[in-house]
Structures are given as C-alpha cells and as structure tokens.
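In full-length UniProt numbering, the protein residues as written are 1 to 379. Ideal Cβ positions, reconstructed from N, Cα and C, are used throughout, including at glycine. Source: prediction; values computed, not measured.
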C-alpha cells in the first residue's frame with residue numbers, strides 16, 4: 001500500500017506526504033474530507049480527477065479535518081491510496097429523506113456483496129439519513145459477516161446541510177459505500193466514548209425517530225433540566241456536555257446519542273440518531289481526560305488484528321467531542337498517534353455520526369460522541 005496526501009489551505013494546494021514509489025496514475029481510491037463552504041467554492045473534483053485518473057474519488061463535507069497529528073478547519077485534506085493486492089469498488093445511493101434509509105442500506109449491500117468482500121466503509125449524508133436504519137439494513141443484508149465502518153458527513157456546527165460525492169463534486173442527499181476485496185487486506189476497528197454516566201436508567205415512553213418526547217412519565221426536556229441544574233440556563237449549548245447513553249433493548253450494549261436541539265414548546269429534545277420507544281437511557285457528562293483517553297483506547301482496539309502498526313488509519317470523531325474539548329481537541333488525535341507510533345498515515349474528519357461495531361465480532365452501529373478508528377494494512 002502506497003499513499004499520498006495533499007491539502008487545500010491558504011488558497012492553494014500543498015503536498016503533505018508521499019510514500020516512496022507512489023504512482024498517482026495507479027491510485028484506486030481517493031478520500032477528500034473538506035469544510036462544506038470550501039468544497040462549494042472550490043469544486044475540487046476536476047482537479048483531483050486530473051491528478052488521479054483511475055481512482056474512485058469520494059468527497060465529503062466535515063465538521064473539522066484530521067491529518068497526521070492535527071485538526072484543521074476550512075481546509076480540504078486528500079488521501080490517495082494505491083493498493084498492491086486489494087480491489088476497490090464503490091456505489092452511490094441518492095436519499096431524499098430518512099424514510100429511505102433502510103432501502104439505501106439494502107442497495108449498498110446488494111451492490112457491493114461478493115465472496116471476497118473484506119470490509120465496507122460508508123460515508124453518508126448527515127442530514128437526511130436515519131443512520132440507525134441505514135446500518136441495520138447493511139447488517140441484515142451482509143449477514144453480519146462483513147466489517148462495516150465510516151461516518152456521517154458534517155457541516156461544522158452549523159447543521160445546515162452536508163455534502164457527499166462519488167466521482168463528482170459533492171451534493172446533498174448522497175450515500176457512498178466503498179467495498180474492499182481480497183484476502184491480503186487486514187481491516188481493524190475501534191470505538192470509544194469516555195463519558196461518565198450518572199442517575200438511574202429510565203425508559204423512553206414517547207418518541208418519533210430522533211425526537212424524544214417523554215422519559216418515564218415526564219416530559220423529556222423537563223426531566224433533562226432537573227438533572228442539569230445550573231447548566232439548564234445554558235441550553236441548548238450545554239446539551240453537548242450532557243448526552244444520553246442508550247440501550248435499544250435490555251440486553252444491548254449502551255451507545256451514545258448527541259442532543260442537537262430542544263423544543264421549549266413541546267418540551268422535547270432532538271438527537272443525532274434514533275431513540276426508539278422502549279429504549280433505556282441514562283444521562284452522561286463530559287470528563288475531559290477520559291474523552292482523550294478514549295481515543296487512545298480506540299486506537300489500541302483498532303490494532304487487535306495486526307502484528308505490526310497499520311499502514312493507514314481513518315479517524316472519525318464526533319462534532320460534539322470537538323465542541324466540548326475546544327482547545328484540547330488535538331489531544332485526542334495526538335493520543336491516537338502515541339498508540340500507533342509514526343508509521344501509519346492518519347486522516348479523518350469530525351462527523352455528525354460515527355459508524356462502527358462497538359466491540360470485536362459485534363454488529364455495526366451508529367454512534368455519537370465517540371472516536372471511531374478504522375485501520376488498514378496489506379500483507
């Protein structure tokens with residue numbers, strides 16, 4: 001595997017790094033992670049196609065760009081990959097609203113499935129999709145036998161629109177699936193949150209998709225404010241400090257849900273992911289050191305299948321973590337680098353949702369407020 005990275009920053013394209021013997025004409029996959037308005041202004045596809053004529057080119061908007069040990073804003077980070085023994089196939093699905101999410105997952109699986117499929121990396125629109133339904137359908141139609149990871153595109157903290165493109169400039173309402181084929185590719189994964197839970201577990205008694213109306217016998221927002229105490233006056237901004245831990249069923253592992261907005265009239269809360277009726281939820285709060293330590297744990301877990309450091313690591317972290325960590329955001333990227341050492345090329349982005357199994361051999365799920373890492377090496 002050989003890799004070249006370049007960045008658009010300060011109004012110009014700049015090289016970052018290049019593996020010896022990399023051949024741009026032979027690159028099979030290009031990942032371009034960029035700030036939404038920068039992508040709209042620059043329209044980078046034609047430039048990238050000129051550099052990498054044979055590659056599948058995937059472009060998406062972000063809430064922050066990751067490369068090597070740094071986090072950036074207002075840039076486009078490009079990673080071009082030339083595999084030796086691995087084939088890459090892509091598929092693109094159009095989605096108009098979240099009701100089409102399950103069908104989109106089914107189509108991605110059908111378009112990519114093959115006997116030698118090793119892994120699927122998904123980059124999805126972050127505004128129109130029900131990520132939980134998308135991933136559930138992918139799990140079902142791959143028979144829970146294929147590693148699935150990736151993330152939902154972002155739009156800084158604006159939440160206006162997200163963009164995804166495959167072999168074209170990115171647009172709204174697109175989902176891209178990337179299939180990796182062959183027996184010589186090892187793909188690892190790790191996902192960690194690092195949040196502290198507090199208070200009793202309670203049942204969701206009234207919800208619709210990602211809008212939570214009641215927990216137990218109380219309006220969701222009223223109960224939430226009781227637990228926030230003095231922080232309730234700082235809503236909705238303070239909600240990033242206090243996400244929810246959710247178990248969809250009593251025997252499920254907990255996953256995290258980020259609060260996007262609150263409705264004072266209906267006393268409801270809107271989340272970046274589904275909260276089904278009957279789910280069990282607990283309140284969570286930020287612990288800065290644990291958030292950063294979680295990134296190191298995710299990196300460590302992503303290497304469980306490797307005898308040596310991976311060649312490529314794609315980090316997908318949540319916009320909520322970035323907003324909470326503030327000036328300490330780069331520390332979670334640096335924590336991953338300390339685990340990996342200097343060998344892997346690192347790239348990634350801040351997202352509206354992270355896609356990965358929680359544990360080895362587990363089903364893939366949509367996460368919020370986690371650091372999710374996918375690692376790659378060829379034998």
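Output the distance between the C-alpha atoms of residue i and residue j, rounded to the nearest integer angstrom.
i: residue 348; j: residue 66; result: 5 Å
i: residue 231; j: residue 369; result: 19 Å
i: residue 12; j: residue 142; result: 42 Å
i: residue 58; j: residue 80; result: 10 Å
i: residue 248; j: residue 47; result: 44 Å
i: residue 218; j: residue 239; result: 18 Å
i: residue 19; j: residue 3; result: 5 Å
i: residue 125; j: residue 200; result: 34 Å
i: residue 76; j: residue 15; result: 12 Å
i: residue 6; j: residue 41; result: 18 Å
i: residue 106; j: residue 264; result: 37 Å
i: residue 226; j: residue 144; result: 40 Å
i: residue 364; j: residue 184; result: 22 Å
i: residue 166; j: residue 43; result: 13 Å
i: residue 64; j: residue 243; result: 20 Å
i: residue 138; j: residue 229; result: 40 Å
i: residue 279; j: residue 270; result: 15 Å
i: residue 74; j: residue 194; result: 28 Å
i: residue 316; j: residue 295; result: 10 Å
i: residue 332; j: residue 314; result: 14 Å
i: residue 236; j: residue 258; result: 12 Å
i: residue 39; j: residue 146; result: 32 Å
i: residue 56; j: residue 158; result: 29 Å
i: residue 113; j: residue 223; result: 45 Å
i: residue 350; j: residue 304; result: 24 Å
i: residue 324; j: residue 198; result: 18 Å
i: residue 328; j: residue 300; result: 20 Å
i: residue 21; j: residue 311; result: 15 Å
i: residue 250; j: residue 322; result: 30 Å
i: residue 23; j: residue 136; result: 38 Å
i: residue 103; j: residue 140; result: 11 Å
i: residue 260; j: residue 32; result: 26 Å
i: residue 28; j: residue 86; result: 9 Å
i: residue 123; j: residue 359; result: 21 Å
i: residue 51; j: residue 108; result: 28 Å
i: residue 54; j: residue 262; result: 46 Å
Just curious, the beta strand (DSSP E) that residue i is in, first and last residue?
i: residue 367; result: 364–367
i: residue 321; result: Taken as a continuous stretch (DSSP letters only), residue 321 belongs to no beta strand (DSSP E), being part of the alpha helix (DSSP H) at 319–325.
i: residue 14; result: 12–18
i: residue 121; result: 117–124
i: residue 9; result: 2–9
i: residue 260; result: 259–263
i: residue 32; result: 29–35
i: residue 93; result: 87–94
i: residue 134; result: That residue, residue 134, is in no beta strand (DSSP E); its alpha helix (DSSP H) goes 131–141.
i: residue 247; result: 244–247
i: residue 280; result: 280–285
i: residue 268; result: 268–271
Can you list, in chain order, the residues of its chain whose CB lies under 6 Å from that of residue i, leaving out five sequence neighbours each side?
i: residue 178; result: 90 and 121
i: residue 101; result: 129, 130, 133 and 134
i: residue 309; result: 340, 341, 343 and 344
i: residue 356; result: 149, 189, 191 and 372
i: residue 320; result: 240, 258 and 369
i: residue 287; result: 196
i: residue 302; result: 188, 189, 190, 373 and 375
i: residue 1; result: 83, 311 and 378
i: residue 335; result: 292, 295 and 296
i: residue 111; result: 91
In terms of residues, what are the limits of the alpha helix (DSSP H) holding residue i?
i: residue 108; result: 101–112
i: residue 293; result: 288–302
Quick one: residues in its chain with C-beta nearer than 7 Å to the C-beta of residue i, no 5 flanking neighbours on either side, listed in chain order?
i: residue 96; result: 128 and 173
i: residue 214; result: 205, 206 and 220
i: residue 118; result: 180, 181, 182, 185 and 187
i: residue 337; result: 69 and 346
i: residue 216; result: 202, 203 and 205
Apart from the five residues on each side of it in sequence, which residues of its chain come closer than 8 Å, Cβ to Cβ, to residue i?
i: residue 330; result: 69, 70 and 71
i: residue 162; result: 36, 60, 61, 125, 126, 127, 152, 153, 154, 155, 172 and 352
i: residue 256; result: 193, 195, 243, 244, 245, 246, 284, 367, 368, 369 and 370
i: residue 17; result: 3, 4, 5, 68 and 345
Uninterrupted alpha helix (DSSP H) stretches inside the region 143–228 (no shorter than 4 residues): Runs found: 220–228.
Please give the ranges of any beta strand (DSSP E) in the region 43–79, keeping only runs that are unbroken, at least 3 residues long and fully inside the region. As for any beta strand (DSSP E) of minimum length 3 sitting wholly inside the region 43–79, the runs are 56–62, 65–67 and 70–72, ordered along the chain.
Is there contact here, the region 208–220 with the region 264–276, by at least three beta-carbon pairs under 8 Å? A contact exists between the region 208–220 and the region 264–276.
At least three beta-carbon pairs within less than 8 Å, the region 138–158 to the region 91–99: Segments in contact, no.
Whole beta strand (DSSP E) runs in the region 333–378 with 3 or more residues, listed along the chain? Taking only runs of at least 3 residues, the beta strand (DSSP E) segments lying wholly in the region 333–378 are 345–351, 353–357, 364–367 and 371–378.
Check whether the region 169–183 and the region 339–357 are in contact - that is, three or more C-beta pairs closer than 8 Å. Flag = no, the region 169–183 and the region 339–357 do not touch.
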